[in-house]
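Chemist: Take the position in the sequence shown, starting the count at 1, then add 10; the result is the number in the numbering used here. Virtual Cβ for every residue (Gly too), placed ideally from N, Cα, C. Could you have a look at this structure, given as structure tokens, before my questions?
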Amino acid sequence: MIVRKRSAGDNVEAKCTRCRAVLNHTIVAMVGERIVRVQCNTCGGQHNYHQPQEEKKPVERSASQRSTSRTPSAGRPRREPIPKGPSEWELSIEGVDPDTATPYAMDRPFRTGEVVSHPVFGIGIVVTVTKPNKVEILFKDGVKLLRCAL
11 MIVRKRSAGD NVEAKCTRCR AVLNHTIVAM VGERIVRVQC NTCGGQHNYH
61 QPQEEKKPVE RSASQRSTSR TPSAGRPRRE PIPKGPSEWE LSIEGVDPDT
111 ATPYAMDRPF RTGEVVSHPV FGIGIVVTVT KPNKVEILFK DGVKLLRCAL
């Protein structure tokens, strides 16, 4: 059987960085006999050549190795989960009427402690106002840095 050397323009299997799969590629550049750059025939993206990795075979363990292996929880008592108390947001929002919240708008100024209603994040409380045009609001999902006017 005759083995032909690969050159630019030939097809080769490579791992595509865009498709994240081993696909056919066209060789674009070589240095000596080493493939350097390829173009994916599926998505058309060009990238450095990534040789496809061989699948790893599972290692056979002997009977003595299997019997001595420990499970991660062997010998340790199981801990009970710590009960969670009310979150910082729940404590801050306690006693506040959500109907009195002002709707959030980027072109509106805010004050610390003001209750805000956001269309995505819900009800929140203004934590800090940062000059020139930022405001930190505590929502149920956490603190968000949003734009505002002064």
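Among Pro129, Tyr114, Gly132 and Glu90, which has the Cα closest to the Cα of valine 145?
Modeler: Nearest of Pro129, Tyr114, Gly132 and Glu90 to valine 145, Cα basis: Tyr114.
Chemist: Given this structure, state the Cα-to-Cα distance separating lysine 94 from leucine 160, to the nearest angstrom.
Modeler: Distance between the alpha carbons of lysine 94 and leucine 160 is about 38 Å.
Chemist: For glutamate 146, which residues does DSSP report across the bridge?
Modeler: According to DSSP, glutamate 146 bridges with Thr138 and Leu155.
Chemist: Can you tell me whether DSSP reads proline 113 as helix, strand or coil?
Modeler: Strand, per DSSP.
Chemist: So what does DSSP say about glutamate 100, is it helix, strand or coil?
Modeler: If DSSP states are grouped into helix, strand and coil, glutamate 100 belongs with the helices.
Chemist: Looking at the unbroken beta strand (DSSP E) that takes in cysteine 53, where does it start and where does it end?
Modeler: From DSSP, cysteine 53 is part of no beta strand (DSSP E); its letter is neither H nor E.
Chemist: Determine, using beta carbons only, whether lysine 150 and glycine 132 come nearer to each other than 9 Å.
Modeler: Cβ atoms of lysine 150 and glycine 132: closer than 9 Å.
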